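Working notes, beginning with the structure itself.
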Amino acid sequence: MRFSRILCNYMSALLDTYAAWPFELDHGKNDVVVSADGVAYADWYGGHCVTLTGHCHPRVVGAIKAQADKLLFYSAAARLSIRARAADALIAHLAGAGVERVFFCNSGAEANENALKMALKATGRKRIACFEGGWHGRTLLALSATDDAKIVAPFAPFLVPATQLPFNDVSALLATDFGDIAAVIVEPIQSMSGIRAASSAWWQTLRARTAAAGTWLIIDEIQTGLGRVGASSASLLMGIEPEAITLAKGLASGVPIGATLFSGSAASTIRQGDLGSTFGGGPLAMAALIATLEVIADEGLIERAARIGAQLKAQLPGAAVASVLGEGLLLGLRTHEPGAGLKKHLYDRRMLVGASGDPHVLRLMPPLTISDDAVAALTSAINELGA
Ligand SMILES: Cc1ncc(COP(=O)(O)O)c(C=O)c1O
């Protein structure tokens with residue numbers, strides 16, 4: 503019998519699709535989660551890169567409770583001022599990134615699916631392009647662009663034709679004819695495959711080549727967006743204005759949400775009825791989104807992500823960690839030995855970190871509110887290995 507079943511008999515009907523932490527989680531507060539038997543863990547994993555404002559931030563919880571009392575749900579069949587305000591607040595948060603209009607859905611895969619669908623429709627083309635190491639979700643268009651054989655292979659006959667290019671390779675971009683490609687989808691930092699980034703020259707070339715061919719550039723900011731990389735969006739950091747930016751994960755501090763943000767020209771191709779979702783833009787998620795953006799601004803979390811990221815990059819390399827990859831608080835610890843050993847060392851010291859597709863890269867994706875004490879504890883736990 504699996505460990506999780508011994509711990510949680512009530513979960514016996516739940517499909518066992520995830521290799522979960524070996525404890526039952528009970529509650530969380532800011533950067534700490536506590537197991538059912540009272541053990542506290544520093545959450546450097548962030549609930550899978552979700553808890554931007556920490557667990558149960560009082561302003562986010564308060565906004566959700568107030569909205570629940572007022573109106574729990576109504577679909578897009580009704581105009582809701584909170585939905586309009588959330589869209590405006592989100593566009594304002596990304597000011598300078600070139601996006602003007604928003605469609606709300608419920609997850610990252612849906613946000614990408616919607617962006618890809620709109621690009622296929624607008625261009626009339628039948629092929630998309632993506633990159634080695636890219637990860638965009640489990641719905642069929644997003645999966646078509648995902649480089650993860652074990653989840654893609656069973657569905658290969660149902661996927662759209664996709665040209666997979668090497669990541670961060672300018673000559674490959676120059677050699678590609680984008681004329682029949684509806685959209686290129688790309689993560690600013692490839693997270694799942696091991697915190698892989700590309701050069702500024704590569705991004706500029708990608709934008710120039712796709713613009714010249716009338717190909718949409720879709721930037722998947724599902725992990726990098728909203729402040730995590732030390733800027734309100736990675737697109738802004740790179741100086742790239744795409745046709746679409748997709749967001750999810752921490753956008754509503756853990757309430758399910760996804761968003762596809764379109765440039766003015768991309769939005770002008772979308773007609774009433776082209777996109778739809780029963781739950782997308784629901785008032786609870788909208789209340790949580792507005793509160794999340796307010797907390798990010800009022801608590802200076804973007805600057806905090808940049809500062810702590812820089813601190814960790816300076817402090818962590820040593821006997822266990824060869825280098826620290828990434829930006830802000832989306833970081834990869836490149837380990838000398840396979841990362842599983844360091845992951846276990848940290849787990850034994852009650853610190854949760856993530857693995858990646860690269861066995862030598864562990865991922866840190868904590869709340870942007872991670873405390874200075876947690877940073878000091880992680881640093882000393884890692885440096886202890888050099889002693
Ligand atoms: C970069 C990226 N895009 C898309 C997704 C899919 O998001 P979701 O699981 O909300 O569908 C993920 C999920 O981890 C992701 O990391």
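In the working numbering, the protein residues as written are 503 to 889.
Yeah, the Cβ is synthetic: ideal placement off N, Cα and C, and Gly gets one too.
Quick caveat, the model's predicted, so the values are computed rather than measured.
Run through the DSSP bridge pairs and tell me what residue i is partnered with.
i	result
LYS531	VAL534
ALA651	DSSP, once it has assigned bridges, lists no residue as partnering ALA651.
TYR543	VAL535
GLU829	LEU832
TRP718	ALA685
HIS557	ASN532
PRO819	VAL823
THR665	ALA631
CYS607	GLY760
GLN692	ARG698
THR837	VAL823
ARG806	Per DSSP, none; premise fails for ARG806.
THR748	ASP722 and THR762
GLY856	ARG865
Taking buried to mean at least 16 other C-beta atoms within 10 Å of its own C-beta, is residue i buried or exposed?
i	result
HIS529	exposed
ARG504	For ARG504, the predicted model reports a pLDDT of 42, less than 50, meaning its position is unreliable; a value from the coordinates is still stated below. Exposed: under 16 other Cβ atoms inside 10 Å.
GLU839	exposed
LYS751	buried
LYS572	exposed
ASP518	exposed
LEU516	exposed
LEU676	exposed
ARG507	No answer about ARG507 holds up, because its pLDDT of 44 lies below 50 and its placement is not dependable.
ILE804	buried
ARG698	buried
HIS550	exposed
LEU574	exposed
SER646	buried
Taking Cβ to Cβ, would you say residue i is nearer than 8 Å to residue j?
i	j	result
PRO869	THR553	yes
VAL672	THR707	yes
GLY636	GLY610	no
ILE720	PRO690	no
ALA591	ASN614	no
ALA542	VAL534	yes
GLY732	ALA808	yes
GLU829	GLY811	yes
ALA761	LEU749	yes
ALA746	ALA713	no
Pick out whichever of the options has its Cα sitting closest to the Cα of residue i.
i	options	result
LEU848	MET620, GLU526 and LEU835	LEU835
THR678	SER693, LEU667 and THR648	LEU667
GLN692	ALA733, ASP650 and VAL662	ASP650
ARG851	LEU887, HIS862 and SER858	LEU887
GLY775	ASN616, ALA714, ILE742 and TYR520	ASN616
ALA754	TRP705, GLY843 and THR555	THR555
ALA787	LYS531, HIS550, ASN532 and ALA570	ALA570
ASP800	HIS595, ARG587 and SER514	HIS595
PRO659	ASN670, ALA878 and LEU642	LEU642
ALA822	GLN813, LYS845 and PRO785	LYS845
Suppose the cutoff is 7 Å on Cβ atoms and the five residues either side in sequence are ignored; what does the same chain contact list for residue i look like?
i	result
ASN885	GLY820
GLY783	ALA578, ARG585 and PHE606
VAL601	ILE593, ILE747, LEU763, PHE764 and SER765
GLY696	GLY834, SER858, GLY859, ASP860 and VAL863
Quick one: what's got a C-beta closer than 6 Å to residue i's C-beta in the same chain, skipping five residues either side?
i	result
ASP682	ARG627 and ARG629
SER779	CYS607
TRP704	ASN670 and VAL672
LEU622	ALA684
By Cβ distance below 8 Å, which residues in the same chain neighbour residue i in space, the five residues on each side in sequence not counted?
i	result
ALA883	HIS847, LEU848, ARG851 and MET853
SER873	ASN532 and ASP533
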